[in-house]
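Counting along the sequence shown from 1, when you hit position 85 you're at 99 in the numbering used here, and nothing is skipped either side.
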Amino acid sequence: MTEADSATLHRTTRSWYGVPVDITVSSSNIHRVIVGGVPLPHLGVVNFFSRWGLPLEERLELTCRHELGHVQTLPVPLLHLLFLLWPRQGRRRGGRWLRLLAALVAHQAVWELAAEGYVIATAPPEHWSPRTPAARLLYAGFWGGMTLLAAISTVFAA
Ligand SMILES: [Zn+2]
């Protein structure tokens, strides 16, 4: 683990299932995550809102932890996606493409919840807790909005 400068944090590690992980996060909110040699583009939108008002160093540390959380919790959204795409009989909502779109939205929402859950499970509360009323509102908005999005799109896609 090294910190190149005040605006960038780089970490190399291994996932619990043995895949090498290379994460670089920066204050510009452009994150580079390479898992097993495969680059995974990822928007920093969730981290931008979830780390509102935190000092830069903590923001980068928690953002890096969130990105690692995506890798560590990967089996959860994959199992969820497998469940949604599993062929089944009976009445289904919408057309095939709409259901596929809903499944992808649900997959992404569940993955965001899992990654941020990883942050909460592994970092001390005094690090990830929002500190201002605006930050608390944004963080609650993330959890509420993402849970709602995951639930609605899962029901639609299932
Ligand atoms: Zn994320």
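Just so it is clear, CB atoms sit at the ideal spot from N, CA and C, and this is done for glycine as well. For clarity, every value in this text was computed on a predicted model and none was experimentally measured.
Shortest gap from the CB of Glu75 to any heavy atom of ligand 1: 6 Å or more. With a 10 Å radius around the Cβ and a threshold of 16 neighbouring Cβ atoms, Ile44 comes out exposed. Judged by DSSP secondary structure, Arg113 falls within the alpha helix (DSSP H) whose first and last residues are Arg110 to Thr136. Here His141 is not bridged, per DSSP, to any residue. Between Thr77 and the set Leu96, Arg28, Val47 and Trp100, the nearest pair of CA atoms involves Val47. In the same chain as Ile134, and ignoring 5 residues on each side of it, the C-beta atoms closer than 8 Å to its own belong to Trp142, in chain order. Straight-line measurement puts the Cα of Thr27 at about 5 Å from the Cα of Val35. For Leu118 and Leu95, the gap between their C-alpha atoms comes out near 8 Å. Around the C-beta of Glu75, 16 or more other C-beta atoms lie within 10 Å, and the residue is accordingly described as buried.
Excluding five sequence positions before and after Thr22, the CB atoms of its chain that fall closer than 8 Å to its own CB belong to Thr38, Val39, Ser40, Ser41 and Leu74, given in chain order.
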